[in-house]
Amino acid sequence: MALAAAVVVVVRPDFGSQTTTVADTLTGGTFPTAPTAAWSLEPSTVVPGSDSYFFNPLFGEQDYERPGAIVDGERAFVAARDGSTRSTTIAAVDATDGTVEWTHVIDNFGGCANATLDGRLPCIDRGSTPGSSSVQFLDASTGAADSTHEVAAYVGAVYVSGSDLYVSGWDQNAEASVISKGTVDDPTASWSRSYPDDRCSVTGSGDSNTFDVVGDVLVKNSGTSVVANTADGDLVISNTGYSYPMGGRAVMASRCPDNPSSGEFTPAIVSSDGLTTATPQDFPVDYAFVADADPSAPFLYRGGGALDPVTGDFRWARPDLADKTSEAAMIGSTIIVPSGDVTEALDVATGDTLWTAPRYGATVDATDGRAFLSTAGSTLAAFSLADGSELWSVPLYPLDERGGTLEPVGDGFLYVGSGVLHRFDPTGPPAGAIAAGDADAGSSDSSDSYVTACGTPPTVTPTEVTTDSGALVVTMEVRATCPAGDVLSSDAMRLSITRGGANVASAVFDMSEAPLAIPGADTTGSGSSGGGNSSVQQSFRFPVGSFWLPPDSSTGSTRGSTSAGTRYVVDCDRGSSSGARAQLGTAVEPVTASAPAEPVTGTSETAAFDALRAIANADRPIILRNLGERWVPQLSSKKPGLVADGMTWNNSSTLAEHLDLRLRYPNVKLMWSGEWSVFSFSDFWVTAAGATFSDPAGANRWCDQNGLDADHCFAKLISATHPIAGSTASR
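Numbering (this note's numbering) for the sequence shown: 1 to 731.
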């Protein structure tokens, strides 16, 4: 799934500039090694000339010609100009192969919306004469202007949220912000409101044209500060001097001081439902981006520390980071803070430092769940989430003085610079392959400890839980408790893993063909983990059918749990020894289970049901945030007793099919049909791919591109409120 990274710059008195993104910047695949560009596109292909350049067509960004793109599924919209004219060419680029699908010229360009609506991209044409502004609705497939609606000359923002269209601007004559809500057919169909500058606005002249929607709340911060209800435009909180979105979770607003000359604004956090307002003890600042974080994760504040997102109370303080978190990113349970010459990683729960590393100019632009990606200095680089070390770097050509952005698309990402577009495909497994506990897996002082339940040596401690294309892969530290070392050589060694009482995996491994040698404290040889160590690192693969929970759902969170006190427990039955001997230092490849084993608790069928429920619970908030009111490819719907595909389905086979799809395609999610309004039956487990589209044709095209037939893939609208009618488009 890929969304447009809409960058909103908000200027606040005394606090500098705050940059936020509304996209989840988690790539679909992983990048353990340096990628090469699958294709490249230069701006001269769109606008001929040696001085042509790309820039972001998003409203508010286009005036400053910042790099960026609007991403819609596997299509990216970019703007291009040359140095001799102000005419703007909008181009649609097929992100799979770099083909320019169409171009459309707007002479006096005012920016486009953040997303498509009903298969159309709304863009502002300021016209050739005063008072002739309009919104053009460009067909996303052809570039043709399907319809045009005249708007006031002051309109500077057009925004799409679900099925709604917002148009806003600053009416200088009336000294008021004007916002309308409507549809493609009528941009003012729902309501139109004027908000006079009668408060204490410090947002400037209105040329920045910032606008966002967070749940049921809209926030505009140009000309006047407006925080209003999306249903009718009524103010949610009045007398605000400036305001800005806090990702997709809340809105930060500043209440005006009783004495305007004092400049002492009071911070307020408005929840996404517009019903709860908290007064935090300091001004929160948003993250540069958030990837798969818990909705209850704290906000940072400018004084250095973290605030509860609901109450505004302090969670922890780090005064040494005051005014240093403007580029911070939250990735799962870890906060990455680039500042000065150092990058620091913090535990989101405690604020404790997990590691520090030289910065090397690195920014945090995207993540694959195991590393964060940076484009600083015309170089694309990856840095480990475990310790901040540089994993790889590649130069970006041509050199780009304006820099560039990373836009996740499909299973890879686009580098969007002013001088070039590059597509990079993953070099590793899907991004579901995330280390358990995220960056904590590499931290010796992590609060998320691991233990074993084996009654005899050696001890087996999980250090990383990932997935590949067909299995759960658990890397374990195997440590000998005997001074002379140990060897695992049974043809029936059983490993069963639980976490928080939930079954994770259970299987039998045949170690007889390649015994695992474990050095002891008294041995003089060197193990595979290095000379003198009394342990080795060994990976064990649990294929589909021998595991129940992927790492992103093992405890009902969007990632592996990092809550204090939760533990992986490994029950190890080493089996009877074959008497084999193994030489120290002999490398053993990852071992794949030879057969599934029974779970620690219950039966395979009850474990499968518990896993289906846990995965659906974990996926639901992500679906609401990223897939809601969008078309996606539905891949499966199953329930116990269903006869289909030549078999009678049960919980175990349903889970196995879902996990197979989850490992095969990016961002696959699970739903219980009874929790969503668009399904005819309430007792099915429904699997859908996380690729989102504005219309059913895009979702069905995804099915075709992935070679899936009409019985196993079709377009489905995901919603908790939309009626069943009109929510399915068969192929």
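Where a beta carbon is used, it is the ideal one built from N, C-alpha and C, also for glycine.
Ends of the beta strand (DSSP E) at residue i?
{"i": "Gln537", "result": "Ser535 to Pro543"}
{"i": "Gln634", "result": "Arg630 to Lys638"}
{"i": "Thr221", "result": "The residue asked about is misnamed: residue 221 is Asn in this sequence, not Thr. From DSSP, the beta strand (DSSP E) with Asn221 extends over Val217 to Ser222."}
{"i": "Phe54", "result": "Tyr53 to Phe55"}
{"i": "Val167", "result": "Asp164 to Asp171"}
{"i": "Ser296", "result": "Premise fails: Ser296 is in no beta strand (DSSP E) and is neither H nor E."}
{"i": "Trp548", "result": "Neither: Trp548 is in no beta strand (DSSP E) and is coded neither H nor E."}
{"i": "Leu670", "result": "Lys669 to Trp672"}
{"i": "Arg574", "result": "Premise fails: Arg574 is in no beta strand (DSSP E) and is neither H nor E."}
{"i": "Leu307", "result": "Gly305 to Leu307"}
{"i": "Glu101", "result": "Val100 to Ile106"}
{"i": "Glu244", "result": "Note that residue 244 corresponds to Tyr in the displayed sequence, not to Glu. Its beta strand (DSSP E) spans residues Thr240 to Met246."}
{"i": "Arg193", "result": "Trp191 to Pro196"}
{"i": "Ala231", "result": "No beta strand (DSSP E) holds Ala231; DSSP gives it neither H nor E."}
{"i": "Ile179", "result": "Ala176 to Gly182"}
{"i": "Leu138", "result": "Ser134 to Asp139"}
{"i": "Val155", "result": "Val155 to Ser161"}
{"i": "Arg75", "result": "Arg75 to Arg81"}
{"i": "Asp212", "result": "Phe211 to Val214"}
{"i": "Thr148", "result": "Ala145 to Glu150"}
Below 8 angstroms on the Cβ atoms is my guess for residue i versus residue j; work out the distance and round it to an integer in Å.
{"i": "Gly419", "j": "Pro398", "result": "5 angstroms"}
{"i": "Thr169", "j": "Val184", "result": "It is worth fixing the name first, because residue 169 is Gly in this sequence and not Thr. That pair is no contact at about 19 angstroms."}
{"i": "Ala362", "j": "Ser374", "result": "4 angstroms"}
{"i": "Val600", "j": "Ala688", "result": "Actually they do not touch by this definition, with Cβ atoms about 31 angstroms apart."}
{"i": "Gly68", "j": "Leu58", "result": "6 angstroms"}
Can you name the start and end residues of the alpha helix (DSSP H) that residue i belongs to?
{"i": "Phe609", "result": "Ser604 to Ile622"}
In three-state DSSP terms, what is residue i?
{"i": "Ser661", "result": "Sequence check: residue 661 is Leu here, not Ser. Residue state, collapsed to three classes: helix."}
{"i": "Arg423", "result": "strand"}
{"i": "Arg86", "result": "coil"}
{"i": "Gly340", "result": "coil"}
{"i": "Arg731", "result": "coil"}
{"i": "Met287", "result": "A quick correction: the sequence has Tyr, not Met, at residue 287. Coil at Tyr287, not helix or strand."}
{"i": "Asp63", "result": "helix"}
{"i": "Leu275", "result": "coil"}
{"i": "Glu648", "result": "The sequence shown places Thr at residue 648, not Glu. Residue state, collapsed to three classes: strand."}
{"i": "Ser128", "result": "coil"}
{"i": "Ser333", "result": "coil"}
{"i": "Ser44", "result": "helix"}
{"i": "Glu464", "result": "strand"}
{"i": "Asp313", "result": "coil"}
{"i": "Thr116", "result": "coil"}
{"i": "Leu642", "result": "coil"}
{"i": "Asp445", "result": "Low confidence applies here, because Asp445 scores a pLDDT of 35, under 50, leaving its location unreliable; read the following figure in that light. Coil at Asp445, not helix or strand."}
{"i": "Thr452", "result": "Unreliable positioning characterises Thr452 in this predicted model, as indicated by a pLDDT of 36, which lies under 50. The coordinate reading is nonetheless provided below. Strand, per DSSP."}
{"i": "Asp282", "result": "coil"}
{"i": "Glu589", "result": "coil"}
{"i": "Asp656", "result": "Sequence inspection shows Ala at residue 656; the Asp mentioned does not correspond to that position. It is helical."}
{"i": "Glu327", "result": "coil"}
{"i": "Pro596", "result": "strand"}
{"i": "Pro319", "result": "helix"}
{"i": "Arg249", "result": "coil"}
Got a sec: is the Cβ-Cβ distance from residue i to anything in chain C below 8 angstroms?
{"i": "Phe681", "result": "Among the chains of the structure shown, chain C does not appear; only one protein chain is present."}
message = So within the stretch 684–722, which uninterrupted alpha helix (DSSP H) runs reach at least 4 residues, ignoring any that extend past its ends?
response = Scanning the stretch 684–722 from its first residue to its last, the whole alpha helix (DSSP H) runs of 4-plus residues come out as 696–705.
Sufficient close CB pairs (3 or more, under 8 angstroms) joining the stretch 142–151 to the stretch 36–54 = Output reads no: the stretch 36–54 does not touch the stretch 142–151.
ask   = Between the stretch 223–241 and the stretch 287–307, do at least 3 Cβ pairs fall closer than 8 angstroms?
value = Three or more beta-carbon pairs separated by less than 8 angstroms are not found between the stretch 223–241 and the stretch 287–307, which leaves the two stretches without contact.
task = Scan the stretch 466–523 and note each continuous beta strand (DSSP E) run of 3 residues or more that stays entirely inside, going in chain order.
result = Contiguous beta strand (DSSP E) elements confined to the stretch 466–523 occur at 471–479, 486–488, 493–499, 502–509 and 516–518, taking only those with 3 or more residues.
message = Please give the ranges of any beta strand (DSSP E) in the stretch 353–427, keeping only runs that are unbroken, at least 3 residues long and fully inside the region.
response = Entirely contained in the stretch 353–427, the beta strand (DSSP E) runs reaching 3 residues are, in chain order, 353–358, 371–374, 379–384, 390–395, 404–409, 412–417 and 421–424.
query = Are there three or more Cβ pairs, one per stretch, closer than 8 angstroms when the stretch 607–618 is compared with the stretch 650–657?
reply = Yes: at least three Cβ pairs fall under 8 angstroms.
task = Count the C-beta pairs between the stretch 74–89 and the stretch 175–183 that are closer than 8 angstroms, then say yes if the count reaches three, no if not.
result = With a cut-off of 8 angstroms, the stretch 175–183 and the stretch 74–89 do not count as touching, because too few Cβ pairs lie within range.
message = Counting beta carbon pairs with one atom in the stretch 634–648 and one in the stretch 534–544, are three or more of them shorter than 8 angstroms?
response = Taking a cut-off of 8 angstroms on C-beta distances, the stretch 534–544 does not touch the stretch 634–648, as fewer than three cross pairs fall below it.
inquiry  = For the stretch 702–711 against the stretch 618–629, do three or more pairs of beta-carbon atoms, one drawn from each stretch, fall closer than 8 angstroms, so that the two count as touching?
reply    = Taking 8 angstroms as the limit for Cβ pairs, the verdict is that the stretch 618–629 does not touch the stretch 702–711.
message = With three or more beta-carbon pairs closer than 8 angstroms as the criterion, would you say the stretch 83–97 touches the stretch 661–674?
response = The way I'd put it, the stretch 83–97 doesn't touch the stretch 661–674; fewer than three beta-carbon pairs between them come closer than 8 angstroms.
ask   = Per the contact definition of three or more C-beta pairs closer than 8 angstroms, is the stretch 279–286 in contact with the stretch 306–314?
value = Yes: the two stretches touch, three or more of their Cβ pairs being nearer than 8 angstroms.
request  = Please confirm if the stretch 95–109 is in contact with the stretch 721–728, defined as three or more CB-CB distances below 8 angstroms between the two stretches.
outcome  = As far as the Cβ criterion goes, the stretch 95–109 does not touch the stretch 721–728, which means the pair count is below three.
message = So, does the stretch 105–113 touch the stretch 122–131, judging by three or more C-beta pairs under 8 angstroms?
response = Touching, per the Cβ criterion.
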